[in-house]
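Contents: one structure, followed by commentary.
There are 2 protein chains.
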Amino acid sequence: MDSSQLLKGVLDLAVLAVLDERDGYGYDVVRRLREAGLVEVGDASVYGTLRRLYKAGALTSYVMASDEGPHRKYYGLNETGRSMYAAQARTWNSFVATMASLLKEGRG
Amino acid sequence: MDSSQLLKGVLDLAVLAVLDERDGYGYDVVRRLREAGLVEVGDASVYGTLRRLYKAGALTSYVMASDEGPHRKYYGLNETGRSMYAAQARTWNSFVATMASLLKEGRG
DNA sequence: GCACACTACTGTGCAATGCGCGGTAGTGGC
DNA sequence: GCCACTACCGCGCATTGCACAGTAGTGTGC
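Structure, rendered in structure tokens:
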């Protein structure tokens, strides 16, 4: 198992988490995820996730010019996105708890 | 997000965990996972995972007759399986920790 | 002795999603 | 002009969980 498989279904949550902290554009989200420890995340995955979340109505989007390169497409959470974030965080936490109890039994 | 996506890449670990506790056959593993809280796990997924892990050399396999139905194909961890289990558990735990720090930042 | 339910395993095809790779563009340094 | 870095997008692939259908053994009710 490399963590690429672990990301399945959780990348949405991770992206929602960084955007909940503050709006960001694709390249920036990639950097923030990597700094947070998700070093193996691919840029294409993040762009794809952002587009998917936007299409799902969870994100707002606005374009801004930049001094240091091409334009940046910023994304931010809207109400739908925030409740999606909360719901997914809950699901994730209970899932983690379930896994924790499973793993403990064989080792405690 | 339904937890089916969360299972991606983690079902291996979950199956290794229940087999580490004690040998089991497919149907039994499904039941134990569901009792542990993974209620949405599909039987075909578990059988597929068992076959995959067996093919990867992580499991031993032996067939036993049963009083209450057809034969049962038992699976158990071998050395490879145990080290795979330990490695995946470590990866999982550090991944969970990374996610936890990500989620915390946006909420206090 | 036949239909049915429950146990137990298998195969096929599908859908979701992360990724590698390559392509397009803008800005600045040499 | 060429290259590096920033920034974004599209294509096709691999993995993997699942629904569904099928095979088979055992016991129950009639």
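Protein sequences appear in the order of chains L and G. The opening residue of the first sequence carries number 8 in this note's numbering; numbering runs sequentially from there. The opening residue of the second sequence carries number 8 in this note's numbering; numbering runs sequentially from there. Virtual Cβ for every residue (Gly too), placed ideally from N, Cα, C. What you are looking at is a predicted structure, and each value in this text was computed from that prediction instead of being measured.
Are residue i and residue j close, meaning C-beta to C-beta below 7 angstroms?
{"i": "Tyr-81(L)", "j": "Met-91(L)", "result": "no"}
{"i": "Ala-104(L)", "j": "Thr-87(L)", "result": "no"}
{"i": "Asp-50(G)", "j": "Val-37(G)", "result": "yes"}
{"i": "Ala-21(L)", "j": "Leu-40(L)", "result": "yes"}
{"i": "Leu-110(G)", "j": "Ala-43(L)", "result": "no"}
{"i": "Asp-30(L)", "j": "Gly-76(L)", "result": "no"}
{"i": "Asn-85(L)", "j": "Thr-67(L)", "result": "yes"}
{"i": "Leu-13(L)", "j": "Phe-102(G)", "result": "yes"}
What residue does the alpha helix (DSSP H) around residue i start on, and which one ends it?
{"i": "Val-53(L)", "result": "50-62"}
If you run the structure through DSSP and keep just helix, strand and coil, what is residue i?
{"i": "Gly-88(G)", "result": "helix"}
{"i": "Gly-115(L)", "result": "Bear in mind that a pLDDT of 43 at Gly-115(L), under 50, signals an unreliable position, so the model cannot answer this."}
{"i": "Gly-33(L)", "result": "helix"}
{"i": "Met-8(L)", "result": "Because Met-8(L) sits at a pLDDT of 45, beneath the cut-off of 50, its placement in the model cannot be relied upon, and the following sentence gives the value as read from the coordinates. Three-state result, Met-8(L): coil."}
Going by DSSP, what residue range makes up the beta strand (DSSP E) through residue i?
{"i": "Val-25(G)", "result": "Careful: Val-25(G) lies outside any beta strand (DSSP E), inside the alpha helix (DSSP H) at 18-28."}
{"i": "Val-70(G)", "result": "66-71"}
Give the single residue among the options whose Cα lies nearest to the Cα of residue i.
{"i": "Gly-33(L)", "options": "Asn-100(L), His-78(L) and Ser-101(L)", "result": "His-78(L)"}
{"i": "Ser-52(L)", "options": "Trp-99(L), Lys-15(L) and Asn-85(L)", "result": "Lys-15(L)"}
{"i": "Val-46(L)", "options": "Asp-74(L), Ser-73(L), Ala-63(L) and Ser-11(L)", "result": "Ser-11(L)"}
{"i": "Asp-1(L)", "options": "Lys-62(L), Ala-63(L) and Ser-73(L)", "result": "Nothing can be reported for residue 1(L), as the shown portion of chain L is limited to 8 through 115."}
On the premise that residue j lies in contact with residue i, defined as a C-beta separation below 8 angstroms, what is that separation, rounded to the nearest angstrom?
{"i": "Arg-89(L)", "j": "Asp-27(L)", "result": "7 angstroms"}
{"i": "Met-106(L)", "j": "Val-17(G)", "result": "7 angstroms"}
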